[in-house]
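K.L.:
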Amino acid sequence: MQFPGISVQTFDASPAPPVCNAWGAPQAERMKLLRVLALISFSVLGALSSALAAGSILSGPMLGYRAHREIFLWLEAKDAQQVTLDFWLTGKPETKRSITQPAPTPTPAGGQIFHFRPGLLEPGAEYEYTLSLDGVKQDFPFPTRFKTHPLWEWRTPAPDFSFLFGTCAYFNEPAHDRPGAGYGRTLETFRLMGESGADFMLWGGDNWYYREVDFDSTSGLWYRAQVTRREPALQKLFATMPQYAVWDDHDYGENDANKSYELKDEALRVFQAYWGNPSSGEADNPGIYTKFRWSDATFFLMDNRWHRDGDHLDAAAAAGRKTQYGARQLDWLKQGLLAAQENKNCNFKFIVTGGQVVTDFAGASQSFAYYPEERAELLQFIARHRITGVIFLSGDVHFTELARRKISDTQWVYELTSSPLSSGVSRQNVTEHAADPYRVPGTQVQDQNFCQVRIAGPKEAREVIITSIDKQGAVRFTHKIPLSELQ
Numbered sequence: 001m002q003f004p005g006i007s008v009q010t011f012d013a014s015p016a017p018p019v020c021n022a023w024g025a026p027q028a029e030r031m032k033l034l035r036v037l038a039l040i041s042f043s044v045l046g047a048l049s050s051a052l053a054a055g056s057i058l059s060g061p062m063l064g065y066r067a068h069r070e071i072f073l074w075l076e077a078k079d080a081q082q083v084t085l086d087f088w089l090t091g092k093p094e095t096k097r098s099i100t101q102p103a104p105t106p107t108p109a110g111g112q113i114f115h116f117r118p119g120l121l122e123p124g125a126e127y128e129y130t131l132s133l134d135g136v137k138q139d140f141p142f143p144t145r146f147k148t149h150p151l152w153e154w155r156t157p158a159p160d161f162s163f164l165f166g167t168c169a170y171f172n173e174p175a176h177d178r179p180g181a182g183y184g185r186t187l188e189t190f191r192l193m194g195e196s197g198a199d200f201m202l203w204g205g206d207n208w209y210y211r212e213v214d215f216d217s218t219s220g221l222w223y224r225a226q227v228t229r230r231e232p233a234l235q236k237l238f239a240t241m242p243q244y245a246v247w248d249d250h251d252y253g254e255n256d257a258n259k260s261y262e263l264k265d266e267a268l269r270v271f272q273a274y275w276g277n278p279s280s281g282e283a284d285n286p287g288i289y290t291k292f293r294w295s296d297a298t299f300f301l302m303d304n305r306w307h308r309d310g311d312h313l314d315a316a317a318a319a320g321r322k323t324q325y326g327a328r329q330l331d332w333l334k335q336g337l338l339a340a341q342e343n344k345n346c347n348f349k350f351i352v353t354g355g356q357v358v359t360d361f362a363g364a365s366q367s368f369a370y371y372p373e374e375r376a377e378l379l380q381f382i383a384r385h386r387i388t389g390v391i392f393l394s395g396d397v398h399f400t401e402l403a404r405r406k407i408s409d410t411q412w413v414y415e416l417t418s419s420p421l422s423s424g425v426s427r428q429n430v431t432e433h434a435a436d437p438y439r440v441p442g443t444q445v446q447d448q449n450f451c452q453v454r455i456a457g458p459k460e461a462r463e464v465i466i467t468s469i470d471k472q473g474a475v476r477f478t479h480k481i482p483l484s485e486l487q
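So in the UniProt record's numbering the end of the sequence shown lands on 487, straight run, no missing numbers.
#1: Leaving out five residues before and five after asparagine 258 in sequence, what residues of the same chain have Cβ atoms less than 6 Å from its Cβ?
#2: Output the distance between the C-alpha atoms of leucine 131 and aspartate 396, rounded to the nearest integer angstrom.
#3: What's the gap between the Cα of alanine 317 and the Cα of glutamate 374?
#4: Quickly, what does DSSP pair aspartate 470 with across the bridge? List them, please.
#5: Identify the residues that DSSP records as bridge partners of glutamate 126: which are they?
#6: Which residues mark the beginning and the end of the beta strand (DSSP E) in which glutamate 231 is found?
#7: Among Ala109, Phe114 and Ser408, whose alpha-carbon lies nearest the alpha-carbon of isoleucine 99?
#8: Roughly how many angstroms separate the alpha carbons of threonine 467 and glycine 354, rounded to a whole number?
#9: If you draw a straight line from the alpha carbon of proline 372 to that of leucine 378, how long is it in whole angstroms?
#10: Nearest-angstrom Cα distance between valine 44 and valine 136?
#11: Between the Cα of alanine 364 and those of Gly442, Val352, Leu133 and Asp256, spot the shortest distance and give me the residue it belongs to.
#12: Three or more C-beta pairs closer than 8 Å, one from the stretch 237 to 251 and one from the stretch 188 to 208: is that the case here?
#13: Can you round the beta-carbon distance between proline 118 and leucine 85 to whole angstroms, since I take them to be within the 8 Å contact cut?
#14: Once DSSP output is grouped into helix, strand and coil, what is the label at phenylalanine 42?
#15: List in chain order: all unbroken alpha helix (DSSP H) runs of 4+ residues lying wholly within the stretch 207 to 267.
#16: Cα separation between proline 104 and alanine 369?
#17: In angstroms with no decimal places, state the Cα-to-Cα distance between residue 506 and alanine 175.
#18: Inspect the beta-carbon positions of serine 408 and tyrosine 170 and report whether they are closer than 8 Å.
#19: If you follow the alpha helix (DSSP H) that tryptophan 332 is part of, which residue opens it and which one closes it?
#20: Return yes when the Cβ of aspartate 214 is within less than 8 Å of the Cβ of tyrosine 223, no when it is not.
#21: With alanine 383 as the anchor, note down where its alpha helix (DSSP H) starts and where it stops.
#22: Give the straight-line distance between the Cα atoms of leucine 337 and glutamine 235, rounded to the nearest whole angstrom.
#23: Is it the case that the Cβ atoms of arginine 454 and serine 162 are separated by a distance below 8 Å?
#24: So, with DSSP's three-state summary, where would you put glutamine 428?
#25: Please classify aspartate 134: is it buried, with 16 or more other beta-carbons within 10 angstroms of its beta-carbon, or exposed?
#26: To the nearest angstrom, report how far apart alanine 67 and glycine 180 are at their CA atoms.
#27: Is it buried or exposed for valine 413, if we count other Cβ within 10 angstroms and need 16 for buried?
#28: Identify, in the order they occur along the chain, each residue of the same chain with its Cβ nearer than 6 Å to the Cβ of proline 157, setting aside the five sequence neighbours on each side.
If you want it as structure tokens, here you go:
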């Protein structure tokens, strides 16, 4: 046998006196030893070569949307040649399937973003998975699993479920932050969320904060998304449950940015790259708006930035009616609400939007009150068409509260505002909204917190249970809304 770089002689196998080498061992034994050493050397060199060639993970994995037979898995790497996703039904390794993706072109921040969409999965099943970069299997400090939606429709009662909701996630970076104490106040909320056992997470906007050094350049936008996504406190949360998101001003552009933002096209590309929503806008009407279903609820994720007129634009000066959503998106929402209302398997309609809806206070917060005609049209549509089970989910104001508003003689809508996850509390907004008549007493929270929303109960008695949990893990309030109150 010949080994590259090693000269080996063959010998006659007839009996002869043993020949000893300098080590005092017979020549035949020396040959065996050389072969073993050569094999070990090649194995070590091969492993070392693979390790040196392998890229590295910057952040992730993160779960995105979930359907009956498909899920979304996200990863950002650096210097990888390819990434392989292996997945199989839990406890059935013989069902393993693989998807290998070559490395995409790096982003302006240098990362390589991978989107995996394993399809034709089993409904209502759990899968385990591994990720390998350039042939090297990666290890994570948390289980790597995902689930698919159960096929319950027309078969069983709607499954109970819970989700997390929060907004305003600020992570300090002293080199680029404003002078003074850091605006990010805690990371504990994210640790608690990762351990909550909820089914999915809804990010309601300001999911990262573009700084002045970010929002005036393409590379700055990509950098901020990348450095935020790499935060260690987020990794378990991202891997444990599906993540859905809308944006608000700070993860769209600069503070209070509207449709005039000059880098909005790039901001949209960043959002689409870093989140795993099922879709984004429509082919001829850009934006991030989309919807998804979970058990007996439909979630409408709204875009309150791409088409937004400035808050302080005189309505008489608007090109058409002063708008936050734009006519096309508002019509899309109306049509979607009608479709959900006609679906006998849908009891709840959650409308997720960056700013508050039912309050009449505006001031420093960017509420729907700045767009009175558009808001009136939406609320009147809900009342006129008897759209039941409507709850708005919002953020922006840096405090949490539950509100409710009567929109007809017999119909109410609720709104949960959850803020902030980690940024500071806005004392100005708290003061301006102090006398809000729509607030449910005892539900204002002026601290870093998140909300867990649970939908449970038999068909005739479904209810929404909302719990606010602060950064110490303490429950700040719990409120139940029977479906009957949303009829």
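Where is the CB? At the ideal position from N, CA and C, for every residue including glycine. Predicted, not measured: the structure shown is a model, and the values here were computed from it.
P.N.:
To lay it out plainly:
#1: Hits under 6 Å: Arg308 and Gly310.
#2: Going from the Cα of leucine 131 to the Cα of aspartate 396 covers about 36 Å.
#3: Distance between the alpha carbons of alanine 317 and glutamate 374: 15 Å.
#4: Paired residue(s): Asn449.
#5: BP columns for glutamate 126 point to Lys147.
#6: Unbroken run through glutamate 231: none, as it is neither H nor E.
#7: With distances taken between Cα atoms, isoleucine 99 lies closest to Phe114.
#8: The alpha-carbon of threonine 467 is positioned some 20 Å away from that of glycine 354.
#9: A straight-line Cα-Cα distance of about 10 Å links proline 372 and leucine 378.
#10: Reliability of the predicted coordinates at valine 44 is poor, the pLDDT of 42 falling under 50, and the value obtained from them is presented with this limitation in mind. So the two alpha carbons sit approximately 15 Å from each other.
#11: The shortest Cα separation from alanine 364 among Gly442, Val352, Leu133 and Asp256 belongs to Asp256.
#12: Taking one beta carbon from each stretch, the stretch 237 to 251 and the stretch 188 to 208 have 3 or more pairs nearer than 8 Å; the two touch.
#13: Confirmed, Cβ separation roughly 7 Å.
#14: Residue confidence for phenylalanine 42 is low, a pLDDT of 44 falling below 50, so the modelled location carries little weight and cannot support an answer.
#15: At a cut-off of 4 residues, the continuous stretches assigned as alpha helix (DSSP H) that sit fully inside the stretch 207 to 267 are 218 to 229 and 235 to 240.
#16: Between the C-alpha atoms of proline 104 and alanine 369 there is a straight-line separation of about 43 Å.
#17: Outside the displayed span of the chain (1 to 487) sits residue 506, for which this structure offers no information.
#18: In this structure, tyrosine 170 does not lie closer than 8 Å to serine 408 by Cβ.
#19: Its alpha helix (DSSP H) spans residues 327 to 342.
#20: Yes, the pair counts as a contact, with Cβ atoms nearer than the cut-off.
#21: It spans 372 to 384 - the alpha helix (DSSP H) in which alanine 383 sits, taken as one unbroken run.
#22: The straight-line gap from Cα to Cα measures roughly 34 Å.
#23: For arginine 454 and serine 162, yes; Cβs fall inside 8 Å.
#24: Note: glutamine 428 maps to helix in three-state DSSP.
#25: Classification of aspartate 134: buried, given that the 10 Å Cβ count is 16 or more.
#26: If you take the alpha carbons of alanine 67 and glycine 180, they lie about 45 Å apart.
#27: Valine 413 should be labelled buried.
#28: Only residues of its own chain outside the window of five on either side were considered, and among them Lys459 have a CB closer than 6 Å to the CB of proline 157, listed in chain order.
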